[in-house]
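Undergrad: One structure, as C-alpha cells, below. Some questions next.
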Amino acid sequence: MLRPSRLTPAGYTIASLAVSLGGILNGYDTGSVGAVVTMPQFTETMGAISPSLLGFTVSVIMFAGAIPSFLSGPPADRYGRLAVVATGAVSFVVGAVLQASAFSLAQFIVGRVFAGAGEGLFLGVMNVYICEISPSARRGTLASLPQLFSVLAMCAGYFTAYGSVKIQSSIAWRLPFVIMAVIAVAMAITCFLLPPSPRWLVLRGRREEAVAVVHRLGIQHAEAEKDILRVREEDVSKQHTSFYHSLRLIWARQYRGRTILALFILGMVQLSGIDGVMYYAPTLFAQAGLPENTAGFLASGLSGILIVIISIPAAILADKWGRRTSVIVGGVLLSSLMFLMGIMYAAGAVHHTGAGRWVVIVSIFAFALSYAATWAFVGKIYASEIQPGCTRAASNAVATGLSFFTNGIVALITPILLAKSAYGAYFLFGGLSFGTLVVLGLYMPETRGEPLESIQEVFSKPLQLHGFGKLLRRGLGSSSSTFGRLSGRTSVESSTAELDELSRAHAASVRVLA
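Residue numbers for the sequence shown follow the working numbering, beginning at 30 and rising by one.
So, in C-alpha cells, the structure goes:
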C-alpha cells in the first residue's frame with residue numbers, strides 16, 4: 030500500500046537525484062579504469078597485459094551492457110521502472126566486488142561483465158523514470174542529472190586513481206571498485222524507498238495510486254493532469270503485452286519512426302568519437318607532441334575539471350534552449366573540430382614544436398567540452414521523451430543498447446585507426462558527426478517544454494521535415510517565378526524575415542497539435 034505522505038521539498042527533484050546515482054557509477058568507472066589498468070600495482074597482481082587484451086578489458090563493460098539494455102524494456106513495463114533499476118544496481122554490486130577482490134585477470138573481466146550488465150539494465154530505464162515523474166517545464170534539466178553526475182564522477186575517478194597510485198599495495202587499484210560497490214548498494218536500497226512512476230501506474234490501470242504518488246512527488250494536480258496523468262487509452266490497452274510483443278510493438282508502423290529516431294540519435298552521438306577522446310586522450314596528446322607525463326595530467330585532471338565546469342550550466346539550462354539548438358550547434362562544433370584536426374595531420378602541420386600541435390591540443394579540449402555541453406545531454410533526454418507510454422521503456426532500452434554497442438566499437442577501433450594513420454580517425458568521426466547533424470537537422474522536431482502527450486500528437490503524423498529541412502523543401506518546391514523573386518532579394522532584412530516566418534510556423538504547428 031502506497032503511503033500518501035509527501036516528499037519535501039520538491040519530491041520529484043529528490044527522486045530524480047536519487048535514481049541518478051547510476052550516472053555516478055558509469056562516470057566513476059570511465060574516469061578510473063584507464064588509470065587502474067596501467068598502474069604498476071595492477072600489473073604486479075595480474076601480470077603483463079598485451080595492448081589488445083588491455084583494450085578488451087576496458088571496453089568489455091560496454092559490450093556486456095548491450096544485450097541487457099536491449100532486453101530491459103519489457104521487464105520495466107511489466108514490473109516497473111525501479112524494479113529493473115534495482116536489479117541493475119545489484120548486478121553492478123556483484124561486478125564491483127569481483128573486480129575489487131580479483132587476483133586474476135579472468136576474474137577481473139568477469140566482474141566487468143557483471144558491472145556492464147548492471148549498467149545496461151539501469152542506465153536507459155532510469156532516464157525513462159525521470160522523464161515520467163518530471164513536469165514538462167523541468168523535464169530537460171532533471172533528465173540531464175544522470176549525465177551531470179556522470180561527468181562529476183568521471184572527474185572524481187580521475188583524481189581517486191591519481192591519489193591511490195601512491196599506495197604501495199594492491200589497494201591502490203582495488204579502492205575505486207570498493208567505492209563503486211558502496212555507491213551501487215546505496216542505489217539499490219534507494220530504489221525500494223522511491224515511489225513508482227505515476228505514468229506507469231496509470232498504464233497499469235492503477236490511477237488512484239498514481240494520484241497519490243503525484244501528491245507525494247509534490248506536483249501540482251493541474252500540472253499532473255495536463256502531462257503526467259494524461260495517458261491515451263491506446264497506450265493503456267497495449268501495456269499488458271508479452272515480452273515478445275513489447276519488442277515487436279516498437280516497430281509497429283505508428284511507432285517505427287520515433288524508434289528509429291531514438292536509435293539514430295543515441296547510436297550516432299557515440300560515433301562522434303567522444304569515447305575515443307576520453308579513453309585515449311593521453312595517446313592523442315602524446316601524438317600531438319606533448320611529453321607523456323604532461324599528456325597524462327592533461328587527459329585526467331584538467332580535462333575532467335573543464336568538463337565538469339561546462340556540464341553544470343549545460344544541465345541547468347537544458348530547458349532554456351531547444352533540443353534542436355543543442356543538436357545543431359553541437360554538430361557544427363564537433364564535426365568542424367574533427368575535420369580541423371584531420372586536416373592539420375594530413376597537411377603535416379603537427380610537430381613536436383610549433384603552433385600546429387597546440388591547434389590540435391586546444392581542439393581536443395574544445396571537442397570534449399562541446400560534446401559535454403550539447404550532445405551528451407540532448408540524446409538521452411530526447412530518446413525518452415518522444416516515445417509513447419506503451420513503448421517508452423522498450424524503445425529507450427533498445428536505443429541504449431545500441432549506444433553501448435557503438436560506444437564499445439569506438440573504444441576498440443580508435444587505437445587501431447591511430448596506429449594506421451594520424452588523421453584517419455579524425456576524418457571518420459568528423460564525417461559521422463556531420464552526417465548526424467544533417468539527418469537530425471532535417472527530421473528532428475522540437476520538444477522542449479511540451480507535455481509528453483502533446484509530443485505524441487506531433488509524432489502521430491507522418492515523418493516530416495523540420496527546421497532548415499522545411500526551408501530546403503520550400504526552396505526546391507517553389508515555382509520558377511517564386512525562385513526568381515527569392516533569389517533576387519539582397520537585403521538582410523528580407524532573409525531574416527523569411528527565416529522568422531519559418532520559425533513561427535514551426536512553433537505554431539507544435540502549439541496547435543498540443
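Heads up, the beta-carbon is just placed ideally off N, CA and C, and yes, glycines get one too. No experiment lies behind these values; they were computed from the predicted model shown.
If we ignore side chains and look at the alpha-carbon of each, how far apart do Phe-121 and Ala-146 end up?
TA: 7 Å
Undergrad: I'd like to know if the region 359-376 and the region 390-401 are in contact, where contact means that at least 3 CB-CB pairs between them fall below 8 Å.
TA: yes
Undergrad: Span of the alpha helix (DSSP H) holding Cys-160?
TA: 134-162
Undergrad: Reducing DSSP to helix, strand and coil, say where Asp-348 ends up.
TA: Correct three-state label for Asp-348: coil.
Undergrad: Sorted by chain position, which residues of the same chain lie with C-beta nearer than 6 Å to Ala-428's C-beta, five sequence neighbours on each side aside?
TA: So the list reads Ala-291, Leu-292, Leu-295, Ala-412, once near-sequence residues are dropped.
Undergrad: Which residues mark the beginning and the end of the alpha helix (DSSP H) in which Glu-238 is found?
TA: 236-246
Undergrad: Quick check: what's the CA-CA separation for Thr-519 versus Leu-346?
TA: Residue placement at Thr-519 cannot be trusted, given a pLDDT of 38 that sits under 50; what the coordinates show is reported in the next sentence. The alpha-carbon atoms of Thr-519 and Leu-346 are separated by roughly 36 Å.
Undergrad: At what residue ranges does the region 435-470 contain a whole run of the beta strand (DSSP E), taking only runs of 3 or more?
TA: Within the region 435-470, no complete beta strand (DSSP E) run reaches 3 residues.
Undergrad: Where does Gln-485 sit, in a helix, a strand or coil, going by DSSP?
TA: helix
Undergrad: Out of Gly-153, Leu-177, Gln-316, Leu-134, which has the shortest C-alpha to C-alpha gap to Pro-104?
TA: Gly-153
Undergrad: Is the distance from the Cβ of Gly-124 to the Cβ of Phe-143 below 7 Å?
TA: A contact, by the Cβ cut-off of 7 Å.
Undergrad: Span of the alpha helix (DSSP H) holding Phe-221?
TA: No alpha helix (DSSP H) holds Phe-221; DSSP gives it neither H nor E.
Undergrad: Report the residue ranges of all alpha helix (DSSP H) runs contained in full by the region 395-432; include only those spanning at least 4 residues, in chain order.
TA: 404-414
Undergrad: Buried or exposed for Met-183, going by 16 or more other Cβ atoms inside 10 Å?
TA: Residue environment analysis places Met-183 among the buried positions, since at least 16 neighbouring C-beta atoms fall within 10 angstroms of its C-beta.
Undergrad: In three-state terms, what does DSSP make of Tyr-561?
TA: No answer is possible for residue 561: it lies beyond the span of the chain, which begins at 30 and ends at 543.
Undergrad: Going by the CB atoms, is the gap between Leu-177 and Ser-544 shorter than 7 Å?
TA: The shown model of the chain, from 30 to 543, leaves out residue 544, and the question about it has no answer.
Undergrad: Under a three-way DSSP split, which group does Gln-299 fall into?
TA: helix
Undergrad: Which stretch, first to last residue, makes up the alpha helix (DSSP H) that contains Tyr-191?
TA: 174-193
Undergrad: Whole angstroms is fine: what's the gap from Ser-133's alpha carbon to Phe-85's?
TA: If I take the Cα positions, the gap works out to 15 Å.
Undergrad: To the nearest angstrom, report how far apart Gly-430 and Gly-117 are at their CA atoms.
TA: 14 Å
Undergrad: Under 8 Å: do the region 377-394 and the region 57-69 share three or more Cβ pairs, one atom per stretch?
TA: Because the criterion of three Cβ pairs below 8 Å is not met, the region 377-394 and the region 57-69 do not touch.
Undergrad: Out of Leu-222, Thr-382, Val-240, Ile-415, which one is the CA nearest neighbour of Trp-229?
TA: Closest in C-alpha terms to Trp-229, from the list Leu-222, Thr-382, Val-240, Ile-415, comes Val-240.
Undergrad: How far does the alpha helix (DSSP H) with Trp-229 in it reach, from first residue to last?
TA: 227-232
Undergrad: Starting from Ala-376, trace the alpha helix (DSSP H) both ways and give me its first and last residue.
TA: From DSSP, Ala-376 is part of no alpha helix (DSSP H); its letter is neither H nor E.
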